[in-house]
Amino acid sequence: MAPHEDDDEQDSEQFETASIPVERKGPVRVKLVFLSGPDAGKSHALGAGRYLLGTASGCDYVLKDRAVSRQHLSLEVKESGVLARDLGSRNGSFCEGMRFTELEVRPGAVLKLGTTELKIVPEDSRERVILPSTRTSFGSLVGASRKMREVFAVLERLGSGDADVLIQGETGTGKEGCAEGIHTASKRHKGPFIIVDLAGIAPSLIESELFGHVKGAFTGAQSDRAGAFERAEGGTVFLDEVGELPMDIQPRLLRVLERRQVKRVGANDYRTVDMRVVAATHVDLEAAVKVGKFREDLFHRLAVLRVTLPPLRERLEDITLLVDTVLTRMGRPPSALSEQTRALLAQYPWPGNVRELRNVVERVVNMGEEGLPDIASPSAPGSKDKPRVAVPVTAAAAAAAAAPELDLPFKEAKERLIEGFERDYLKSLLERCEGNVSRASREAGIDRVYLRKLLKKHGLHDPDGP
Ligand SMILES: Nc1ncnc2c1ncn2[C@@H]1O[C@H](COP(=O)(O)OP(=O)(O)OP(=O)(O)O)[C@@H](O)[C@H]1O
1 MAPHEDDDEQ DSEQFETASI PVERKGPVRV KLVFLSGPDA GKSHALGAGR
51 YLLGTASGCD YVLKDRAVSR QHLSLEVKES GVLARDLGSR NGSFCEGMRF
101 TELEVRPGAV LKLGTTELKI VPEDSRERVI LPSTRTSFGS LVGASRKMRE
151 VFAVLERLGS GDADVLIQGE TGTGKEGCAE GIHTASKRHK GPFIIVDLAG
201 IAPSLIESEL FGHVKGAFTG AQSDRAGAFE RAEGGTVFLD EVGELPMDIQ
251 PRLLRVLERR QVKRVGANDY RTVDMRVVAA THVDLEAAVK VGKFREDLFH
301 RLAVLRVTLP PLRERLEDIT LLVDTVLTRM GRPPSALSEQ TRALLAQYPW
351 PGNVRELRNV VERVVNMGEE GLPDIASPSA PGSKDKPRVA VPVTAAAAAA
401 AAAPELDLPF KEAKERLIEG FERDYLKSLL ERCEGNVSRA SREAGIDRVY
451 LRKLLKKHGL HDPDGP
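Here the sequence shown is numbered in full-length UniProt numbering, starting from 1 and rising by one per residue.
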């Protein structure tokens, strides 16, 4: 390997005098996987012992990355774990964004040297290491962080296939955008994309919504109606909040997934459907299986191909790109948000994820920075990790927030108006019901699960929640 041109004397001197014994013994303990940089894709199995990484030819692992020093890092693999030691490198060694000189590395950790990212994977791990994509967007989703580029790499593969997919992620992490991206990238993109929000439909109507009904099947069934699976013929059905599917309907979904057959409510015969199912959940379905709320067979069938969207707090480095994307979608230049405000946004834990970030950016742009709540002090007493909402500070600002934005595309203007309405409605409802969610759900005539979802979506405190 060519020696590092930029390396200074100190580096080479260090190499000459370095006396790090490379001793290996015992079985393989960990795997070292190169995620990015010129060596991306390579992997090495390491037994107990000490290994030297750098660009100099005497190293155990010689990297091609020109931003890596001749002797950059040593990894000591022990029974108890891996000890990583920076050897006085010029550009430093980092783990999860923090520079270190010596670090006990936990399994799954990613170290960064120069432009090279290395993952330390336990040998017995069944996790498949995915090389991050070089792209920074997929459909409407954007992200340059490693975690999002890993997601994009999975989506690239899934998009071209036709298997059903389960998307997991907290509220506002982009599950719907992800599902639409999978549909758009697939060979079914010319077919319909049908969304069914299972948390938003009364349980008694779910069956008919999914499978359809025949005339007279129940009171109000005045004519035959195709369900979502039939309406998605040739395309994709997006089942949002699949964890809310009532137990008694779950076997029927399993049949759809296994045999592509649906029976309308009140009908005797099955119809064959040709569509792909993409389901999403913000709850831990494995835990739901354990407590008997979700069928194990359905879970295994759904979870064959899984995508997990990381929460925004785990990829704060994406905030700049996300803010710029929101501004571009609003037709505003990057300068519409000051550097000072951007710095504040990067410190917030974002419990409502990208949706909350989008809402805050839109409010600040429309109402001025005084429209921000004390987002600058997430460590303020009582504020730790607690969702807070950007509230207008003046009556004029409130009126501005409630007015429809007529210069936006129809769908976006409508969505914003509805979101504003939802937030105001929920705040007043909660106040009236003194924070009692069961009472609020009765008064508003909406399902408790759905109400909780709405409260979460708007970052409003659910006193009964976890
Ligand atoms: N990575 C991303 N890049 C750009 N926009 C994003 C991203 N993730 C989310 N968004 C935006 O955030 C908003 C919420 O996204 P989406 O509705 O897909 O989230 P979700 O996970 O389905 O939420 P919920 O669980 O509440 O239904 C949308 O406006 C979407 O465009």
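Positions of the beta carbon are idealized from the N, C-alpha and C atoms, including for glycine.
Near residue i, what residues of its chain come up, given a Cβ to Cβ distance below 8 Å and the 5 sequence neighbours on each side ignored?
i: F218; result: S208, V265 and G266
i: G216; result: G266
i: residue 471; result: With the chain covering 1 to 466 only, the question about residue 471 has no answer from this structure.
i: D274; result: E233, G234 and R260
To which residues of the same chain is residue i closer than 7 Å at the C-beta, ignoring the five residues directly before and after it?
i: I201; result: E209
i: G243; result: T281, V283, L285, A288 and F294
i: R255; result: Q261
i: R29; result: L46, G47, A48, V77 and E123
i: E314; result: K147
For residue i, which of helix, strand or coil comes out of DSSP?
i: E170; result: coil
i: L257; result: helix
i: C178; result: helix
i: T325; result: helix
i: F152; result: helix
i: D162; result: coil
i: H183; result: helix
i: S223; result: coil
i: H44; result: strand
What's the gap between the Cα of residue i and the Cα of residue j?
i: K290; j: V307; result: 21 Å
i: L158; j: V165; result: 8 Å
i: V142; j: L309; result: 12 Å
i: R271; j: S133; result: 40 Å
i: S80; j: K31; result: 15 Å
i: G169; j: K175; result: 7 Å
i: residue 472; j: I206; result: Because residue 472 is not part of the residues shown, which for the chain are 1 to 466, the question remains open.
i: R439; j: L426; result: 13 Å
i: I357; j: V364; result: Just to set this straight, residue 357 is Leu in the shown sequence, not Ile. In a straight line, the C-alpha of L357 is about 11 Å away from that of V364.
i: E104; j: C95; result: 11 Å
i: G382; j: D65; result: For G382, the pLDDT reaches just 34, beneath the cut-off of 50, and the residue's location in the model is therefore unreliable, although a value from the coordinates is still provided. When rounded, the distance between both Cα atoms is 46 Å.
i: V360; j: Y348; result: 11 Å
i: V154; j: V129; result: 11 Å
i: E102; j: K42; result: 24 Å
i: A114; j: N91; result: The sequence as given places Gly at residue 114; Ala does not occur at that position. Cα-Cα distance, rounded: 6 Å.
i: K187; j: A179; result: 14 Å
i: G58; j: L35; result: 23 Å
i: G420; j: H300; result: 38 Å
i: A336; j: R416; result: 19 Å
Residues in the same chain with beta-carbon distance under 6 Å from residue i, minus the five sequence neighbours each way, listed in chain order, please.
i: R135; result: F152
i: E76; result: R50 and L83
Throw me the rounded Cβ distance for the residue i and residue j pair, which I believe falls under 8 Å.
i: R342; j: T328; result: So it is not a contact: roughly 15 Å between Cβ atoms.
i: K119; j: V237; result: Actually they are not in contact, since the Cβ atoms of K119 and V237 sit about 35 Å apart, beyond 8 Å.
i: V437; j: R423; result: 16 Å between Cβ atoms; not a contact.
i: R146; j: F211; result: At roughly 41 Å, the Cβ-Cβ gap does not stay under 8 Å, so R146 and F211 are not in contact.
i: L345; j: V326; result: The pair is not a contact, with the Cβ atoms about 11 Å apart (cut-off 8 Å).
i: L430; j: S441; result: 11 Å between Cβ atoms; not a contact.
**Asked** Taking three-plus beta-carbon pairs below 8 Å as touching, is the segment 183-200 in contact with the segment 224-231?
**Response** yes
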